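Right, one structure below, let's go through it.
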Amino acid sequence: MTLDDKKKRVRQHIDLTWNRGHMALAEQMHGPDFLYKSSFIGRPLGSAAFVRMVQEIRDAMPDMEVMVEECIAEGDKVVTWSTLVGTIEKPAMGYPPSDKVLSISAMAFWTLAPNGDIREICTMFDMESFRAQLGLQTRPFAEKALP
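In terms of our numbering, the sequence shown is residues 222 to 368.
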(Lines of atoms letter the chains of each structure in order from A and count residues from 1; the text may use other names and numbers.)
(Lines give C-alpha, C1' and ligand atoms only; values in the text may rest on other atoms or scores of the structure.)
Protein backbone atom coordinates (compact mmCIF):
# COMPACT_ATOMS: atom_id res chain seq x y z
CA MET A 1 0.00 0.00 0.00
CA THR A 2 1.14 3.52 -0.72
CA LEU A 3 1.10 6.13 2.03
CA ASP A 4 -1.94 7.72 0.38
CA ASP A 5 -3.70 4.32 0.39
CA LYS A 6 -3.00 4.00 4.13
CA LYS A 7 -4.42 7.47 4.83
CA LYS A 8 -7.48 6.65 2.74
CA ARG A 9 -7.97 3.39 4.67
CA VAL A 10 -7.84 5.18 8.03
CA ARG A 11 -10.28 7.88 6.88
CA GLN A 12 -12.61 5.14 5.62
CA HIS A 13 -12.47 3.39 9.02
CA ILE A 14 -13.31 6.62 10.84
CA ASP A 15 -16.22 7.27 8.49
CA LEU A 16 -17.59 3.73 8.75
CA THR A 17 -17.40 3.55 12.56
CA TRP A 18 -17.86 6.96 14.13
CA ASN A 19 -19.86 8.71 11.38
CA ARG A 20 -22.02 5.96 9.89
CA GLY A 21 -22.13 3.15 12.44
CA HIS A 22 -21.34 0.43 9.89
CA MET A 23 -19.50 -1.64 12.48
CA ALA A 24 -19.44 -4.95 10.60
CA LEU A 25 -17.75 -3.32 7.62
CA ALA A 26 -15.24 -1.52 9.82
CA GLU A 27 -14.50 -4.67 11.79
CA GLN A 28 -13.51 -6.39 8.53
CA MET A 29 -10.69 -3.84 8.29
CA HIS A 30 -9.21 -4.99 11.63
CA GLY A 31 -6.36 -7.44 11.72
CA PRO A 32 -6.62 -10.58 13.86
CA ASP A 33 -4.43 -8.95 16.54
CA PHE A 34 -6.33 -5.61 16.57
CA LEU A 35 -5.99 -3.48 19.73
CA TYR A 36 -7.58 -0.16 20.64
CA LYS A 37 -6.00 1.97 23.36
CA SER A 38 -7.37 5.28 24.57
CA SER A 39 -6.77 7.98 27.15
CA PHE A 40 -10.30 7.49 28.53
CA ILE A 41 -10.31 3.69 28.76
CA GLY A 42 -8.13 1.95 31.32
CA ARG A 43 -7.36 -1.18 29.28
CA PRO A 44 -6.77 -2.16 25.64
CA LEU A 45 -9.82 -3.38 23.71
CA GLY A 46 -9.96 -6.05 21.05
CA SER A 47 -12.02 -5.64 17.89
CA ALA A 48 -15.40 -6.74 19.31
CA ALA A 49 -15.02 -4.59 22.45
CA PHE A 50 -13.98 -1.59 20.32
CA VAL A 51 -17.13 -2.01 18.21
CA ARG A 52 -19.31 -2.15 21.36
CA MET A 53 -17.64 1.00 22.75
CA VAL A 54 -18.16 2.96 19.52
CA GLN A 55 -21.79 1.81 19.35
CA GLU A 56 -22.38 2.90 22.96
CA ILE A 57 -20.98 6.35 22.21
CA ARG A 58 -22.95 6.62 18.94
CA ASP A 59 -26.15 5.61 20.79
CA ALA A 60 -25.55 8.38 23.33
CA MET A 61 -24.51 10.95 20.69
CA PRO A 62 -26.61 10.20 17.58
CA ASP A 63 -25.75 13.56 16.00
CA MET A 64 -21.99 13.02 16.41
CA GLU A 65 -19.72 13.71 13.48
CA VAL A 66 -15.97 13.15 13.34
CA MET A 67 -14.01 15.43 11.03
CA VAL A 68 -10.41 14.56 10.20
CA GLU A 69 -8.41 17.78 10.39
CA GLU A 70 -4.99 16.30 9.55
CA CYS A 71 -3.84 12.89 8.35
CA ILE A 72 -0.12 12.05 8.05
CA ALA A 73 1.47 8.72 7.09
CA GLU A 74 4.98 7.33 7.32
CA GLY A 75 6.02 3.68 7.13
CA ASP A 76 3.31 1.52 8.73
CA LYS A 77 1.95 4.43 10.80
CA VAL A 78 -0.81 6.96 10.21
CA VAL A 79 -1.51 9.87 12.56
CA THR A 80 -4.85 11.67 12.59
CA TRP A 81 -5.99 14.81 14.34
CA SER A 82 -9.77 14.84 14.46
CA THR A 83 -12.58 16.89 15.95
CA LEU A 84 -15.67 15.13 17.29
CA VAL A 85 -18.77 17.31 17.40
CA GLY A 86 -22.11 16.32 18.91
CA THR A 87 -24.53 16.36 21.83
CA ILE A 88 -24.70 13.75 24.58
CA GLU A 89 -28.39 12.79 24.61
CA LYS A 90 -28.03 9.77 26.93
CA PRO A 91 -25.48 9.00 29.65
CA ALA A 92 -22.34 7.36 28.27
CA MET A 93 -18.94 6.37 29.58
CA GLY A 94 -19.81 7.93 32.94
CA TYR A 95 -20.75 11.33 31.51
CA PRO A 96 -24.22 12.91 31.89
CA PRO A 97 -26.52 14.03 29.08
CA SER A 98 -26.20 17.64 28.02
CA ASP A 99 -27.98 19.95 25.60
CA LYS A 100 -24.63 21.57 24.71
CA VAL A 101 -22.98 20.86 21.38
CA LEU A 102 -19.54 19.59 22.35
CA SER A 103 -16.32 19.75 20.37
CA ILE A 104 -13.62 17.28 21.35
CA SER A 105 -10.13 17.14 19.86
CA ALA A 106 -8.47 13.76 19.39
CA MET A 107 -5.09 12.53 18.17
CA ALA A 108 -4.83 8.93 17.02
CA PHE A 109 -1.82 6.83 16.11
CA TRP A 110 -2.69 3.96 13.77
CA THR A 111 -0.53 0.94 12.91
CA LEU A 112 -1.35 -0.92 9.70
CA ALA A 113 -0.23 -4.33 8.49
CA PRO A 114 1.34 -4.57 4.99
CA ASN A 115 -2.02 -5.75 3.57
CA GLY A 116 -3.81 -2.70 5.03
CA ASP A 117 -5.38 -4.40 8.05
CA ILE A 118 -5.58 -2.09 11.04
CA ARG A 119 -3.50 -3.59 13.83
CA GLU A 120 -3.68 -0.86 16.47
CA ILE A 121 -5.28 2.48 17.22
CA CYS A 122 -4.00 4.55 20.14
CA THR A 123 -6.16 7.63 20.73
CA MET A 124 -5.69 10.61 23.02
CA PHE A 125 -8.69 12.84 23.69
CA ASP A 126 -8.64 16.35 25.16
CA MET A 127 -10.70 15.26 28.17
CA GLU A 128 -10.13 18.43 30.23
CA SER A 129 -11.67 20.59 27.51
CA PHE A 130 -14.51 18.06 27.20
CA ARG A 131 -15.15 18.19 30.96
CA ALA A 132 -15.06 22.00 30.93
CA GLN A 133 -17.59 22.14 28.08
CA LEU A 134 -19.91 19.92 30.12
CA GLY A 135 -19.51 22.25 33.11
CA LEU A 136 -17.79 19.53 35.13
CA GLN A 137 -14.96 20.26 37.51
CA THR A 138 -11.55 20.18 35.86
CA ARG A 139 -8.40 19.24 37.68
CA PRO A 140 -5.77 21.85 38.63
CA PHE A 141 -2.66 21.83 36.46
CA ALA A 142 -0.40 20.54 39.26
CA GLU A 143 -2.70 17.57 39.88
CA LYS A 144 -2.68 16.64 36.18
CA ALA A 145 1.12 16.75 36.11
CA LEU A 146 1.56 14.38 39.05
CA PRO A 147 1.81 10.64 38.42
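Every residue gets a Cβ at the ideal spot worked out from N, C-alpha and C, and that includes glycine. All values derive from a computational prediction rather than experimental measurement.
Under the three-state reduction of DSSP, residue 234 is assigned to helix. Pairing residue 305 with residue 327 gives a Cβ-Cβ distance under 8 Å.
For residue 290, same chain residues with a beta-carbon under 7 Å away, outside a window of 5 residues either side, are 302, 303 and 304 in chain order.
When the Cα atoms are used, residue 351 and residue 325 turn out to be separated by approximately 6 Å. Collapsing the DSSP output to three states places residue 278 in a helix. Excluding five sequence positions before and after residue 250, the CB atoms of its chain that fall closer than 6 Å to its own CB belong to 234 and 339, given in chain order.
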